[in-house]
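A.B. asks: Dropping a structure here in structure tokens format, bear with me for questions.
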Amino acid sequence: MIERINFRSKTFDFIKYNEYNYGENVFTIIVGKNGTGKSTLLSSIVSELLGNYNDRFYNESELGFSRNHYNNLVIHNNFENIIAVSASPFDKFPLTKKFNDIESYTYLGLRDLSSMNFGLSYMSKIISSLIESIFKNPSHWNNLAEVLDYLGYKDEISTKFIFNISKSSLEDFLNNNISPEEFFHNTRTSARSLNRRFFQNEYGEIDIAKLDFLRSILISLIREDFEFRPNRLLHLFINHNGINIESGNIRLYSEQIVFLLNSGILKLRDIGLIKKNNRNSIFSIKDSSSGEQSVILSILGIASKITDNSIICIDEPEVCLHPEWQEKYIQILINTFRKFRSCHFIIATHSPQIISKLSPNNCFVISMEDAEINSAYQYLNNSIDYQLANLFKTPGYKNEYLSRIAFTIFSKVGKNKRFDDEDLTNYKVLKDVYKSLEHNDPVKELITVIIELYKKYA
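Each residue of the sequence shown is one higher than the one before, starting from 1 at the first, in our numbering.
Printed below as a string of structure tokens:
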């Protein structure tokens with residue numbers, strides 16, 4: 001577990017030891033206004049944990065932003081696996097210069113996607129991660145099957161791909177008529193762009209060994225009379241039997257499929273799932289809502305990589321999510337990965353819905369403004385207005401929670417001519433948010449009256 005961290009001259013505790021159940025998963029939620037450094041804090045944690053690999057990452061100037069460095073990251077144990085997740089193109093997680101260069105680090109975000117179609121490219125990235133995970137360790141399918149079951153789907157994934165290479169480029173490449181640079185130039189159009197980063201070595205040059213391996217795969221397909229034609233579909237099914245192809249008598253090994261996916265030669269067209277209440281009808285994930293897509297892909301991405309003793313950093317998961325899906329997301333996250341041990345989920349969010357659906361155990365909330373940490377149970381199942389006022393310090397206009405406690409104080413103090421302990425507690429809440437209320441907010445006018453009552457009777 002990450003115990004604490006010094007960041008921007010503040011000490012942030014990530015767990016409360018007197019309320020921490022050892023061995024179980026921990027959820028630390030980071031809240032704060034825009035510009036307080038939530039995303040920077042997450043990326044700095046990942047960078048510090050991967051400090052031995054710093055030379056393999058792009059530096060801050062190459063990424064276009066600066067990172068505030070810190071020291072004294074205190075951890076209870078060393079994490080064997082680090083997963084960074086974001087559905088925003090503005091996250092600040094570190095990117096490796098070379099494709100998938102560090103075995104213990106997985107970036108499930110948008111910033112390294114080569115296509116401008118973020119939705120389809122992100123789906124492809126998750127599926128590639130999932131297939132690669134099963135290829136390396138077939139038992140990972142059990143984790144994915146449990147996730148699908150929890151989400152209401154059968155334990156099978158159907159995918160459709162097309163070959164992302166023109167016939168002319170293929171012929172030139174196989175006949176060695178063009179140089180590696182010309183090959184990438186010829187295939188780099190709006191419709192056909194390969195993952196150049198995948199083919200680069202540590203010096204930024206084209207890895208000839210990878211090109212040779214690609215050539216061997218394509219030649220073997222041609223020998224099997226596979227016809228490369230525009231929009232030729234390749235169907236892959238992923239289930240307890242492994243990765244299976246349903247496209248004639250094509251034979252591709254899992255290693256070759258993973259290579260073609262990562263290289264960009266295979267381009268995803270669709271992902272199909274089978275709902276448990278829907279016999280054998282395949283449901284296209286593209287037909288689901290953006291919220292359902294985001295949740296399914298995020299959870300499957302994590303499931304493809306998570307192990308015991310993992311740290312999972314998630315930046316603003318509420319992006320693209322309706323409030324209902326924000327509540328579902330955190331519940332799915334907690335329940336789906338409950339069987340894993342000693343994992344630490346660190347989530348930066350603006351979402352009151354996520355806070356309200358945390359578990360009362362091993363879940364903590366920290367504020368960027370004052371570095372205060374509280375157990376999540378005090379925020380559970382409270383209204384959104386309560387969360388906005390007490391936790392996010394952005395109550396909004398005519399906040400009903402503030403209005404209620406203000407009227408209660410006004411009524412009680414007006415009658416009793418004194419402030420009791422409950423009144424004093426509620427008065428502090430009102431005073432703390434007073435300056436953030438709009439001048440024409442009737443709640444602010446009422447608080448102004450209560451401040452005068454406090455001066456007179458407290």
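For every residue, glycine included, the Cβ atom is placed at its ideal position computed from N, Cα and C.
Determine the direct distance from the alpha carbon of R8 to that of Y70, and round the result to whole angstroms.
C.D. replies: Against the sequence shown, residue 70 aligns to sequence position 70. Against the sequence shown, residue 8 aligns to sequence position 8. Annotation note: pLDDT 48 at Y70 (below 50); position unreliable, coordinate value reported separately. Their backbone Cα atoms lie some 7 Å apart in a straight line.
A.B. asks: If you follow the beta strand (DSSP E) that R223 is part of, which residue opens it and which one closes it?
C.D. replies: Taking the sequence shown and counting its residues from 1, the one referred to as residue 223 is at position 223. Here R223 belongs to no beta strand (DSSP E); instead the alpha helix (DSSP H) covers I208 to R223.
A.B. asks: Looking only at its chain, what residues have a beta carbon closer than 8 Å to the beta carbon of I250, apart from the 5 residues adjacent to it on each side?
C.D. replies: Residue 250 sits at position 250 when you count from the first residue of the sequence shown. If we look at I250 and ignore the five residues flanking it on each side, its Cβ neighbours are L221, E224, F226 and L234.
A.B. asks: Below 8 Å, can you find three or more Cβ-Cβ pairs linking the stretch 345-356 to the stretch 324-335?
C.D. replies: Yes, the stretch 345-356 is in contact with the stretch 324-335.
A.B. asks: At 4 residues or longer, and completely inside the stretch 358-396: list those alpha helix (DSSP H) runs for me, N to C.
C.D. replies: Runs of the alpha helix (DSSP H) inside the stretch 358-396: 384-390.
A.B. asks: Output the distance between the C-alpha atoms of G242 and S289, rounded to the nearest integer angstrom.
C.D. replies: Indexing the sequence shown from 1 puts residue 242 at position 242. Indexing the sequence shown from 1 puts residue 289 at position 289. If I take the Cα positions, the gap works out to 28 Å.
A.B. asks: Just to confirm, is the Cβ distance from F161 to I217 under 8 Å?
C.D. replies: In the sequence shown, counting from the first residue as 1, residue 161 sits at position 161. In the sequence shown, counting from the first residue as 1, residue 217 sits at position 217. No, the pair does not count as a contact, with Cβ atoms beyond the cut-off.
A.B. asks: Ignore the nearest five residues each way along the sequence and tell me which others in I296's own chain have a CB closer than 6 Å to its CB.
C.D. replies: Position 296 of the sequence shown, counted from the first residue, corresponds to residue 296. Answer for I296: no residue qualifies.
A.B. asks: Runs of 3 residues minimum, wholly inside the stretch 132-185: which ones carry the beta strand (DSSP E) assignment?
C.D. replies: Here the runs fully enclosed are 153-163.
A.B. asks: May I have the straight-line CA-CA distance separating E316 from L333, to the nearest angstrom?
C.D. replies: As a working mapping, residue 316 is identified with position 316 in the sequence shown. As a working mapping, residue 333 is identified with position 333 in the sequence shown. When rounded, the distance between both Cα atoms is 14 Å.
A.B. asks: I need the boundaries of the beta strand (DSSP E) containing S284, first residue and last residue.
C.D. replies: The residue you call residue 284 lines up with position 284 of the sequence shown. Residues I282 to S284.
A.B. asks: Please classify Q378 as buried or exposed, where buried requires at least 16 other C-beta atoms within 10 Å of its C-beta.
C.D. replies: The residue labelled residue 378 in the question sits at position 378 within the sequence shown. Label assigned to Q378: exposed.
A.B. asks: Tell me which residue opens and which closes the alpha helix (DSSP H) that N426 is part of.
C.D. replies: Position 426 of the sequence shown holds residue 426. D421 to V433 is the span of the alpha helix (DSSP H), which, as asked, contains N426.
A.B. asks: Take A348 as the anchor and find which of N21, L446 and A87 has the nearest alpha-carbon.
C.D. replies: Counting from one through the sequence shown, the residue named residue 348 turns up at place 348. Answer by Cα proximity: A87.
A.B. asks: Is it buried or exposed, G64, if we count other Cβ atoms within 10 angstroms and call 16 or more buried?
C.D. replies: The sequence position of residue 64 within the sequence shown is 64, counting from 1. In this prediction, G64 scores a pLDDT of 49, lower than 50, which makes its location untrustworthy; no coordinate-derived value is stated.
A.B. asks: Only counting the same chain, and skipping five residues up and downstream in sequence, which positions put a Cβ closer than 7 Å to that of V46?
C.D. replies: Against the sequence shown, residue 46 aligns to sequence position 46. These residues qualify, in order along the chain: I82, A84, F93, P94 and C313.
A.B. asks: Rounded to whole angstroms, what's the CA-CA distance from S133 to K428? Just pull it up for me.
C.D. replies: Working through the sequence shown from its first residue, we reach residue 133 at position 133. Working through the sequence shown from its first residue, we reach residue 428 at position 428. Near 51 Å, if we compare the C-alpha coordinates of K428 and S133.
A.B. asks: Do S158 and I282 have their C-beta atoms within less than 8 Å of each other?
C.D. replies: For the purposes of this step, residue 158 is taken as the residue at position 158 of the sequence shown. For the purposes of this step, residue 282 is taken as the residue at position 282 of the sequence shown. Result yes, Cβ atoms of S158 and I282 sit closer than 8 Å.
A.B. asks: Quick one: what does DSSP say D287 is sitting in, helix, strand or coil?
C.D. replies: Along the sequence shown, one-based indexing puts residue 287 at 287. D287 falls in the helix class under three-state DSSP.
A.B. asks: Exposed or buried, P89, counting other C-beta atoms within 10 Å across all chains shown (16 or more means buried)?
C.D. replies: What you label residue 89 is simply residue 89 of the sequence shown in a count that begins at 1. The residue is exposed, with fewer than 16 neighbouring Cβ atoms inside 10 Å.
A.B. asks: If we ignore side chains and look at the alpha-carbon of each, how far apart do H140 and N239 end up?
C.D. replies: Reading the sequence shown from its first residue, position 140 is the one you call residue 140. Reading the sequence shown from its first residue, position 239 is the one you call residue 239. Each residue's Cα considered, the two are about 11 Å apart.
A.B. asks: Using the Cα positions of V147 and K10, report the straight-line distance between them to the nearest angstrom.
C.D. replies: Translated into the one-based positions of the sequence shown, residue 147 becomes position 147. Translated into the one-based positions of the sequence shown, residue 10 becomes position 10. Approximately 38 Å, taken between the alpha carbons.
A.B. asks: Quick one: what does DSSP say S310 is sitting in, helix, strand or coil?
C.D. replies: On the sequence shown, residue 310 is found 310 positions in, with the first residue counted as 1. In the structure shown, S310 sits in a strand (DSSP, three-state: E or B).
A.B. asks: Helix, strand or coil for A458, going by three-state DSSP, please let me know.
C.D. replies: Taking the sequence shown and counting its residues from 1, one reaches residue 458 at position 458. Coil at A458, not helix or strand.
A.B. asks: Are M123 and H344 close, meaning C-beta to C-beta below 8 Å?
C.D. replies: Taking the first residue of the sequence shown as 1, we reach residue 123 at position 123. Taking the first residue of the sequence shown as 1, we reach residue 344 at position 344. No, they are not a contact pair.
A.B. asks: Specify whether the stretch 364-382 and the stretch 176-185 touch according to this definition: at least 3 beta carbon pairs, one from each stretch, less than 8 Å apart.
C.D. replies: Judged by Cβ distances under 8 Å, the stretch 364-382 makes no contact with the stretch 176-185, as fewer than three pairs qualify.
A.B. asks: S403: which of L252, D385 and D420 sits nearest, CA to CA?
C.D. replies: For this step, residue 403 is matched to residue 403 along the sequence shown. For the residues L252, D385 and D420, the minimum Cα distance to S403 belongs to D385.
A.B. asks: How many angstroms separate the CA atom of L73 from the CA atom of T448?
C.D. replies: Locating residue 73 in the sequence shown gives position 73, counting from the first residue. Locating residue 448 in the sequence shown gives position 448, counting from the first residue. Cα-Cα distance, rounded: 43 Å.
A.B. asks: What are the start and end residues of the beta strand (DSSP E) that includes A406?
C.D. replies: Your numbering for residue 406 matches position 406 in the sequence shown. Unbroken run through A406 is the alpha helix (DSSP H), E400 to N416; no beta strand (DSSP E).
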